[in-house]
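Asks: Structure in structure tokens, see below.
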Amino acid sequence: MEAVTASPSAPELDSPGLYSNRELSWLQFNERVLELAEDESLPLLERVKFLAIYAANLDEFYMVRVAGLHDQVDAGIDARGPDGLAPSETIERIAERTRELGHRHSHQWDEVVRPELAEHGIRVVDCADCDRDELEAVDRQFSEGIFPVLTPLAVGPGRPFPYISNLSLSLAVWLRDPVSGTETFARVKVPKEVLPRFVPIGDNVFVPLETIIARHLDQLFPGMEIVRHDIFRVTRDADFTVSDEADDLLRAVEDELRRRRFGEVVRLEISSSMDPEMRSYLVEQLGIEETQVIDVDGLLDLDDLWSLYEVDGHRELRDPPWTPGTHPAFADPDDGKAKVLAAMRAGDLLVHHPYDSFASSVERFIKEAVAEPDVLAIKMTVYRTSDDSELIPSLIRAAERGKQAVCLVELKARFDERQNIEWARSLEEAGAHVVHGLPGLKTHAKALLVVRREGAGVRHYVHIGTGNYHAKTARLYEDFGLFTTDREIAADVAELFNTLTGAARSPSFRKVITAPEHMRPWFLDQVRRTIEAHEAGDEARIGLKLNSLVDTRCIRALYEASQAGVPVDVNVRGICCLRAGVTGVSENIRVISVVGRFLEHSRLYGFRRGEERLWWMGSADLMPRNLDTRVELLAPIEDQGLRDEVEDTLERCLGDDTFAWELRPDDSWERRRGGTRSAHRELMERALERAAVDARVDGP
300 MEAVTASPSA PELDSPGLYS NRELSWLQFN ERVLELAEDE SLPLLERVKF
350 LAIYAANLDE FYMVRVAGLH DQVDAGIDAR GPDGLAPSET IERIAERTRE
400 LGHRHSHQWD EVVRPELAEH GIRVVDCADC DRDELEAVDR QFSEGIFPVL
450 TPLAVGPGRP FPYISNLSLS LAVWLRDPVS GTETFARVKV PKEVLPRFVP
500 IGDNVFVPLE TIIARHLDQL FPGMEIVRHD IFRVTRDADF TVSDEADDLL
550 RAVEDELRRR RFGEVVRLEI SSSMDPEMRS YLVEQLGIEE TQVIDVDGLL
600 DLDDLWSLYE VDGHRELRDP PWTPGTHPAF ADPDDGKAKV LAAMRAGDLL
650 VHHPYDSFAS SVERFIKEAV AEPDVLAIKM TVYRTSDDSE LIPSLIRAAE
700 RGKQAVCLVE LKARFDERQN IEWARSLEEA GAHVVHGLPG LKTHAKALLV
750 VRREGAGVRH YVHIGTGNYH AKTARLYEDF GLFTTDREIA ADVAELFNTL
800 TGAARSPSFR KVITAPEHMR PWFLDQVRRT IEAHEAGDEA RIGLKLNSLV
850 DTRCIRALYE ASQAGVPVDV NVRGICCLRA GVTGVSENIR VISVVGRFLE
900 HSRLYGFRRG EERLWWMGSA DLMPRNLDTR VELLAPIEDQ GLRDEVEDTL
950 ERCLGDDTFA WELRPDDSWE RRRGGTRSAH RELMERALER AAVDARVDGP
């Protein structure tokens, strides 16, 4: 390919116009989720699911990212990113965009999806829409199961405005004493933490819990006149920082978790029908700005639609079920059980979740290690794991059997802190060595090391993943896992564990790439070498598969590669601060986002330089937090067949014309339509074909 030089009119590479705002780019990602909820070609309950995902995503965004922006404004910090927007400007744009998307979200539920559900026999109705028999069921539900749980809180002398906890749904009630004429405010929390949000009153007939409570307010405030009532919801700052000086990290995290409930209010969602006087009262009592108030048409807190998605039956309203299969290399033809350690001795292996089973690969790996008498030690990192995972219980059994069991539990994994604290205590009680990471860093690397006695020495068996050791998300998240006994990779991983558990300085690794010290320089060097190969006349290309692309220096390097004429293909699920297709800067960069049935989660780094094709996989995105404040791990994929597999996966994502969006030069995302290719469908078909070939090879 002929080198393309920068146009004389091309902007400087530090120009704010070349960098998208991180938070606004995230909102574009969530809009892609919303577009799936609006896609009438998808099964109806799948659209319900995407409505719930959109709402849950937005909650976390406000609790963490928007809260951080408010902290900057309150502290008087003008921390502008490369896009040039001040925190206050970003907050304003977020509020404006959130309102626009919120109207679409509410409209899709109230005017489109809910009526279609009713056509299929799943009715979500207000009390006003119930017939006599249904109202009798509502009244019975209230008296028997709802009323005893409620606690009305009135404001008055000696009764200050109540504390409203994070993400709680509430009824705001204005009362009048018919005798004295005194008016007062009361709040009734909707206890959806202990009761169904959508209360079943018949065969697939559901009534929102808050509407049932509203119907019976006279029973909560006997003798009082209900002047008006409406719904509101508060979102608070749920992020926190644990001091590196804390003597007891576990106790410090527990203390911060308790403080999280009392974070500053960052968002007030109210029903758009709320009376202006009540709205003003809530704004005043919560001490917030008008820009923090979001008017919602219809139901609030649609994250709870997950419960409707899980309604029994109606398989025709869902995607066809998918059951991951056992990777052919792990399948024993004699008993059908996975044999992981033996397969690893034959060569490197790559599993691709959710197309390959997590249970018959990763979980089987640690189970075999626990049961194998010659295994001396098992070490693993835990960032997020599920309560039904076999991994931690297996590690506990290993400790109980006298093996060296080591677990690096990241206590600061946001929103998984409580679960990780519980696992850490259980491991310690069983005699396992538990480490909580390095000061100032989160351990985000995904690694599992097994040490087995073989002959006069030992062999190391290693698993390195792009995703968490989490059984539930492994059925929904797309991730790669590398199984290897490569001596140099194994030695690197062993030294990484020693660095994390001991007091050693970070070593110079043989093959793996780690953050925070090495990954950014490594990436910039790989881009530079690829540019040099192109300038020398060799075929050159950069292919990346990421969750997020944010780091300014890495983006600048990709711009330089594009200006030199190197094709750059990026498959990014979420945030992308790079601007593609800008004249003189990024004409050679293509950015595709695939959002669909599975959540794209793997991180792949590929560089082609002539005959040389290099691929790495691991836990890190190109974000400052990954490169500067996290322990991350990338491993090379050296087997040619495995390189072909990851390259094929990237090509399928880039070629998706059904669930893919392409980044345009004006910073908008345009969905590809009218095609026939879906990366997720093709990868499911590839997994089935591989299993069928293996069955034919091993069959009679």
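Numbering (the numbering used here), first residue to last: 300 to 999. Ideal placement from N, C-alpha and C gives every residue a C-beta, glycine not left out. Fair warning: this is a prediction, and the values are worked out from it, not measured in the lab.
1. With DSSP collapsed to three states, give me the class of Met573.
2. Given this structure, state the Cα-to-Cα distance separating Glu568 from Asp517, to the nearest angstrom.
3. Please name the residue in Ile874, Arg827, Asp837 and Ala863 whose C-alpha comes closest to that of Leu845.
4. How close, in whole Å, do the beta carbons of Leu343 and Glu415 come, if the pair is a contact with beta carbons under 8 Å?
5. Cα separation between Pro310 and Val884?
6. In this structure, what does DSSP give as the bridge partners for Thr813?
7. Would you mind reading off the limits of the alpha helix (DSSP H) that contains Arg398?
8. Which word fits Ser939, buried or exposed, when buried means at least 16 other C-beta atoms lie within 10 angstroms of its C-beta?
9. Just to check my reading of the structure: Val1012 and Leu823 have Cβ atoms closer than 8 Å, yes? What is that Cβ distance to the nearest angstrom?
10. Rounded to the nearest angstrom, what separates Asp611 and Arg663 at their Cα positions?
11. When you compare the CB positions of Ala934 and Tyr608, do they come within less than 8 Å of one another, or not?
12. Spell out a yes or no on whether the segment 691–708 and the segment 728–747 are touching, meaning 3 or more CB-CB pairs, one atom from each, closer than 8 Å.
13. Shortest alpha-carbon distance to Leu843 belongs to which of Ala814, Pro866, Leu799 and Gln862?
14. Would you mind sorting Gly895 into buried or exposed? The rule is 16 or more other CB atoms within 10 Å of its CB.
15. Within a Cβ cutoff of 8 Å, which residues of the same chain sit near Ala280, ignoring the five residues on either side of it in sequence?
16. Below 8 Å on the Cβ atoms is my contact criterion, and I expect Thr680 with Ala746 to pass it. Report the Cβ-Cβ distance as a whole number of Å.
17. Return the CA-CA distance between Phe782 and Asp943, expressed in angstroms with no decimal places.
18. Along the chain, which unbroken stretches of the alpha helix (DSSP H) at least 4 residues long are found entirely within the segment 718–802?
19. Excluding five sequence neighbours on each side, which residues of the same chain lie with their C-beta closer than 8 Å to the C-beta of Asp574?
20. Could you check if Arg972 is buried or exposed, using at least 16 other CB atoms within 10 Å of its CB as the buried criterion?
21. Does the beta-carbon distance from Ile841 to Phe897 come in below 8 Å?
22. Please report the distance separating the alpha-carbon of Thr813 from that of Glu794.
23. On a Cα-Cα basis, can you pick out the residue from Ala641, His817, Ala832 and Asp965 that is closest to Leu877?
24. Hey, Leu649 and Leu941: beta-carbon distance below 8 Å or not?
25. Can you check DSSP and say which residues form a bridge with Tyr318?
26. CA-CA distance, Ala394 and Thr590?
27. Tyr353 lies in the beta strand (DSSP E); which residues open and close that run?
28. So, for Cys952: in the same chain, excluding its five sequence neighbours on each side, which residues have a beta-carbon less than 6 Å away from its beta-carbon?
29. Using beta-carbon positions only, say whether Val849 and Leu921 come within less than 8 Å of one another.
30. Please give me, in chain order, every unbroken run of the alpha helix (DSSP H) with length at least 4 that falls completely inside the segment 605–684.
31. When we look at the beta-carbon of Leu775 and count the other beta-carbons within 10 Å, is it buried (16 or more) or exposed?
32. If the criterion is Cβ atoms closer than 8 Å, does the pair Glu709 and Lys741 meet it?
33. Around the C-beta of Leu466, are 16 or more other C-beta atoms found within 10 angstroms, so that it is buried, or is it exposed?
34. Going by Cα to Cα distance, which pick from Arg989, Asp785, Asp425 and Pro820 is closest to Gly597?
35. With C-beta atoms as the reference, is Glu433 less than 8 Å away from Val533?
36. So, is Val792 buried or exposed, given that buried needs 16 or more other C-beta atoms within 10 angstroms?
Replies: For this structure:
1. Here the question's residue 573 lines up with position 274 in the sequence shown. Three-state DSSP puts Met573 in coil, outside helix and strand.
2. By one-based count along the sequence shown, residue 568 stands at place 269. By one-based count along the sequence shown, residue 517 stands at place 218. Roughly 25 Å between the two C-alpha positions.
3. The residue given as residue 845 occupies position 546 in the sequence shown. Among Ile874, Arg827, Asp837 and Ala863, the Cα nearest to that of Leu845 belongs to Ile874.
4. The residue labelled residue 343 in the question sits at position 44 within the sequence shown. The residue labelled residue 415 in the question sits at position 116 within the sequence shown. With 8 Å as the limit, Leu343 and Glu415 qualify as a contact, their Cβ atoms being about 6 Å apart.
5. Within the sequence shown, the letter at position 11 stands for residue 310. Within the sequence shown, the letter at position 585 stands for residue 884. Near 8 Å, if we compare the C-alpha coordinates of Val884 and Pro310.
6. Your numbering for residue 813 matches position 514 in the sequence shown. Thr813 is bridged to Leu932.
7. Locating residue 398 in the sequence shown gives position 99, counting from the first residue. From DSSP, the alpha helix (DSSP H) with Arg398 extends over Pro386 to His406.
8. As a first step, residue 939 must be located in the sequence shown, where it is residue number 640. With the sequence shown as reference, residue 939 is identified as Gln, and Ser is not the correct amino acid for it. In summary, Gln939 is exposed, with fewer than 16 beta-carbon neighbours lying within 10 Å of its beta-carbon over all protein chains present.
9. Given a span of 300 to 999 for the chain in the structure shown, any question on residue 1012 remains unanswerable.
10. Looking up residue 611 in the sequence shown gives position 312. Looking up residue 663 in the sequence shown gives position 364. Cα to Cα, Asp611 sits roughly 31 Å from Arg663.
11. The residue you call residue 934 lines up with position 635 of the sequence shown. The residue you call residue 608 lines up with position 309 of the sequence shown. Result no, Cβ atoms of Ala934 and Tyr608 do not sit closer than 8 Å.
12. Segments in contact, yes.
13. On the sequence shown, residue 843 is found 544 positions in, with the first residue counted as 1. The option with the nearest alpha carbon to Leu843 is Pro866.
14. Reading the sequence shown from its first residue, position 596 is the one you call residue 895. With 16 or more Cβ atoms within 10 Å of its Cβ, Gly895 is classed as buried.
15. For residue 280 there is no data in the structure shown, the boundaries of the chain being 300 and 999.
16. Mapped onto the sequence shown, residue 680 falls at position 381. Mapped onto the sequence shown, residue 746 falls at position 447. About 5 Å separates the two Cβ atoms, so the contact holds.
17. Stepping through the sequence shown from its first residue, residue 782 is reached at position 483. Stepping through the sequence shown from its first residue, residue 943 is reached at position 644. Between Phe782 and Asp943, the C-alpha separation is close to 16 Å.
18. If we require 4 residues or more, the alpha helix (DSSP H) runs fully inside the segment 718–802 come out as 786–800.
19. One-based indexing of the sequence shown puts residue 574 at position 275. Closer than 8 Å at Cβ, skipping near neighbours: Trp473, Arg527 and Asp529.
20. For the purposes of this step, residue 972 is taken as the residue at position 673 of the sequence shown. Exposed.
21. Residue mapping note: residue 841 aligns to position 542 of the sequence shown, counting from 1. Residue mapping note: residue 897 aligns to position 598 of the sequence shown, counting from 1. No. Outside cutoff.
22. The residue you call residue 813 lines up with position 514 of the sequence shown. The residue you call residue 794 lines up with position 495 of the sequence shown. Approximately 12 Å, taken between the alpha carbons.
23. Locating residue 877 in the sequence shown gives position 578, counting from the first residue. With distances taken between CA atoms, Leu877 lies nearest to Asp965 out of Ala641, His817, Ala832 and Asp965.
24. Position 350 of the sequence shown, counted from the first residue, corresponds to residue 649. Position 642 of the sequence shown, counted from the first residue, corresponds to residue 941. Yes, these two residues count as a Cβ contact at 8 Å.
25. By one-based count along the sequence shown, residue 318 stands at place 19. Looking at the DSSP assignment, Tyr318 forms a beta bridge with Leu877.
26. For this step, residue 394 is matched to residue 95 along the sequence shown. For this step, residue 590 is matched to residue 291 along the sequence shown. Inter-residue distance for Ala394 and Thr590 is about 7 Å (C-alpha atoms, whole angstroms).
27. If you number the sequence shown from 1, residue 353 lands on position 54. Segment Leu343 to Phe360 is the alpha helix (DSSP H) holding Tyr353; no beta strand (DSSP E) there.
28. Against the sequence shown, residue 952 aligns to sequence position 653. Closer than 6 Å at the Cβ level, and outside the excluded window around Cys952, lie Asn870, Val893 and Ala978.
29. Translated into the one-based positions of the sequence shown, residue 849 becomes position 550. Translated into the one-based positions of the sequence shown, residue 921 becomes position 622. The beta carbons of Val849 and Leu921 sit closer together than 8 Å.
30. Annotation note: the segment 605–684 contains the following uninterrupted alpha helix (DSSP H) runs of length 4 or greater, listed N- to C-terminal: 605–608, 639–644 and 663–670.
31. Locating residue 775 in the sequence shown gives position 476, counting from the first residue. Counting Cβ neighbours within 10 Å, Leu775 comes out exposed, since fewer than 16 surround it.
32. As a working mapping, residue 709 is identified with position 410 in the sequence shown. As a working mapping, residue 741 is identified with position 442 in the sequence shown. Result yes, Cβ atoms of Glu709 and Lys741 sit closer than 8 Å.
33. Residue numbering aside, residue 466 sits at position 167 when the sequence shown is read from its first letter. A buried status is given to Leu466, since no fewer than 16 other beta-carbon atoms sit within 10 Å of its beta-carbon.
34. Numbered from its first residue, the sequence shown carries residue 597 at position 298. From the listed residues Arg989, Asp785, Asp425 and Pro820, the smallest Cα separation to Gly597 is found for Asp425.
35. Locating residue 433 in the sequence shown gives position 134, counting from the first residue. Locating residue 533 in the sequence shown gives position 234, counting from the first residue. Cβ atoms of Glu433 and Val533: not closer than 8 Å.
36. Translated into the one-based positions of the sequence shown, residue 792 becomes position 493. Val792 is buried by the Cβ-count criterion.
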